[in-house]
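Numbering (this note's numbering), first residue to last: 441 to 797.
Yeah, the Cβ is synthetic: ideal placement off N, Cα and C, and Gly gets one too.
Report on the following structure.
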Amino acid sequence: MRLFGSPILAPSGDGRLEVFVLGFDQNLWHIWQTQWSNGWSGWASHGGNFGSSLFYPPFIGRSGDGRLELFVCAGQLQHIWQTKWSNGWSNWASHGAPPPGPYPGAGYLMPGDLALDATGKGQLFVSNGGLWRLSQTAWSNGWSNWQAHGTAPGDMIVGPPAIGQNADGRLEVFVVGASGALWHQWETAIGGAWSGWNSMGTGGVDFDDRPGVMASADGRLELFVRATDGTLWHRWQTKASNGWSGWYSHGSPAPGVRFLDHPALGRSADGRLELFIVGSDGNLWHKWQTAASNGWSAWASHGSSGGGFFTAAALAPSGDGRLELFVVGRDGSLHHIWQTKASNGWSGWASHGQPPP
441 MRLFGSPILA PSGDGRLEVF VLGFDQNLWH IWQTQWSNGW SGWASHGGNF
491 GSSLFYPPFI GRSGDGRLEL FVCAGQLQHI WQTKWSNGWS NWASHGAPPP
541 GPYPGAGYLM PGDLALDATG KGQLFVSNGG LWRLSQTAWS NGWSNWQAHG
591 TAPGDMIVGP PAIGQNADGR LEVFVVGASG ALWHQWETAI GGAWSGWNSM
641 GTGGVDFDDR PGVMASADGR LELFVRATDG TLWHRWQTKA SNGWSGWYSH
691 GSPAPGVRFL DHPALGRSAD GRLELFIVGS DGNLWHKWQT AASNGWSAWA
741 SHGSSGGGFF TAAALAPSGD GRLELFVVGR DGSLHHIWQT KASNGWSGWA
791 SHGQPPP
């Protein structure tokens, strides 16, 4: 069974990584570490049979009690969750869909992030031309009705939302508009009201797709977004929880190579951020902070496997702190590299193949 789209992964509460990816049968497939930081299961299906309404990869996050929660946008928002800490999964449940978007033809759902707010309740965002939120009504349990965040003034939201969390605990959400600008909302108080829309503009070239956002070791958010010309752009908070730099371009990795899909961010055990993004040459490209919270390397290539890549990678730390990265190849198989030591060195490519037909 060929795989497609971007995989997602997250550590279970016991530190074992769990990886999910969609198959051409429109079902969700799953592998997991069989031991803490070592060994992988065979493929298992979570079903779903999502059909032709499936446009985007799933998204995953954690409840306050450590159980993983996974969502798929397929006409409606579909949801499964671990029934026990690090073990067992529910059947699929539907959260329905928010009202149609404010622009014609914008009715399909684009998945966003699931994050825990400072009160320990999950907050998740999806967009359909406007921005919508679901909130857990109790710690690790129960969900609200759809809550409207509207749409940016005079602009349709065309990218999936991304969430960052400030050092003071307030959440921030970022989306790309049809105008090519990046738009932004934030909690004005922990677990409370949200601001109106604020434009972060462009870097002189229109932006595209989903931003990547993660906190540096000192708590400042770092934000990356791909532009329509295939270059990668960057803004960062100048102080933890307050103030932003101007736009800075990290360009493209090599002459004639454009970036594809959205960037993936992770944090090494020593606190340095690591960024990965696929290029039009089919290779996986990599940048990293040269010191925690400060400075970035030049672009480096990890090459490719399985005929090359064209969708986003995903990465997360194993229990021992080593980052592990997964990406689907043009051959429809899942490919994998990992740090050979915490914060230092990477393996060659290994394939997990495809699920059974």
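Check: Quick one: give me the first and last residue of the beta strand (DSSP E) that Trp786 is part of.; Outcome: Asn784 to Trp786
Check: Which complete beta strand (DSSP E) runs does the region 692 to 748 hold, if anything under 3 residues is left out?; Outcome: 699 to 707, 713 to 719, 724 to 731 and 734 to 736
Check: For Pro451, which of Gly706, Thr577 and Arg698 has the nearest alpha-carbon?; Outcome: Gly706
Check: Considering only C-alpha positions, which residue in the set Ser733, Gly719, His535 and Ser708 is nearest to Arg762?; Outcome: Ser708
Check: May I ask you to report which of helix, strand or coil DSSP gives Gly491?; Outcome: helix
Check: What are the residues that DSSP puts in a beta bridge with Asp648?; Outcome: Arg666
Check: How close, in whole Å, do the beta carbons of Asp771 and Gly743 come, if the pair is a contact with beta carbons under 8 Å?; Outcome: Incorrect: roughly 15 Å between the Cβ atoms, too far for contact.
Check: Among Gly570, Ser567 and Gly582, which has the Cα closest to the Cα of Lys561?; Outcome: Gly582
Check: Verify whether the separation of the beta carbon atoms of Val665 and Val616 is less than 8 Å.; Outcome: yes
Check: Does Ile777 pass the burial test, meaning 16 or more other C-beta atoms within 10 Å, or should it be called exposed?; Outcome: buried
Check: Going by alpha carbons, who is nearest to Pro651 out of Gly636, Trp673 and Leu611?; Outcome: Trp673
Check: Please name the residue, chosen from Tyr496, Gln516, Trp521 and Gly641, that lies closest to Ser503 on a Cα-to-Cα basis.; Outcome: Trp521
Check: From Asp608 to Asn682, what does the alpha carbon distance come to, in whole angstroms?; Outcome: 10 Å
Check: Determine, using beta carbons only, whether Leu457 and Leu443 come nearer to each other than 8 Å.; Outcome: no
Check: Taking the C-alpha atoms as reference points, what is the distance between Trp736 and Arg712?; Outcome: 10 Å
Check: Can you tell me which of the three DSSP states Ser446 falls into?; Outcome: strand
Check: Taking the alpha-carbon positions, what's the Ala623 to Pro539 distance?; Outcome: According to the sequence shown, residue 623 is Trp rather than Ala. Their Cα atoms are separated by approximately 21 Å.
Check: Taking Gln473 as the reference, which of Phe490, His792 and Pro797 has the closest Cα?; Outcome: His792
Check: Where do the N-terminal and C-terminal ends of the beta strand (DSSP E) with Asp388 fall, by residue?; Outcome: Absent from the model: residue 388. The displayed extent of the chain is 441 to 797, so no value can be given.
Check: Using CA coordinates, which residue listed in Ile471, Ser639, Leu468 and Leu571 is at the minimum distance from Ala621?; Outcome: Ser639
Check: Give the single residue among Gly590, Glu714 and Pro795 whose Cα lies nearest to the Cα of Glu764.; Outcome: Glu714
Check: Please state whether DSSP places Pro600 in a helix, a strand or coil.; Outcome: coil
Check: Taking Cβ to Cβ, would you say Ala602 is nearer than 8 Å to Val645?; Outcome: no
Check: Does the distance from the C-beta atom of Ala738 to that of Ala704 stay below 8 Å?; Outcome: no
Check: With a threshold of 16 other CB atoms inside 10 Å of the CB of Ser446, please say whether the residue is buried or exposed.; Outcome: buried
Check: Apply the 10 Å Cβ neighbour rule to Ser692 and answer buried if 16 or more other Cβ atoms are within range, or exposed otherwise.; Outcome: buried
Check: Residues in its own chain within less than 6 Å of Thr671 by CB, not counting five upstream and five downstream?; Outcome: Ser689, Gly691 and Ser692
Check: Beta carbon of Trp483, beta carbon of Pro796: below 8 Å?; Outcome: yes
Check: Decide if Gln563 is buried, meaning its Cβ has at least 16 other Cβ atoms within 10 Å, or exposed.; Outcome: buried
Check: Taking the straight line between their C-alpha atoms, what separation do you get for Ser584 and Thr780?; Outcome: 43 Å
Check: Pull up the DSSP beta-bridge partners for Arg573, would you.; Outcome: Phe565 and Gln587
Check: Measure the C-alpha to C-alpha separation of Arg660 and Ser733 and round it to an integer number of angstroms.; Outcome: 8 Å
Check: So, under 8 Å CB-CB, Leu494 and Gln466 are touching, yes? Tell me the CB distance rounded to an integer number of Å.; Outcome: 6 Å
Check: Identify whether Tyr688 lies in helix, strand or coil by the three-state DSSP scheme.; Outcome: strand
Check: Output the residue ranges of the beta strand (DSSP E) runs that lie fully inside the region 496 to 532 and measure 3 residues or longer, sorted by chain position.; Outcome: 499 to 502, 508 to 514, 516 to 524 and 527 to 529
Check: Would you list the residues sitting across from Ala752 in a DSSP beta bridge?; Outcome: For Ala752, which the question treats as bridged, DSSP gives no partner whatsoever.
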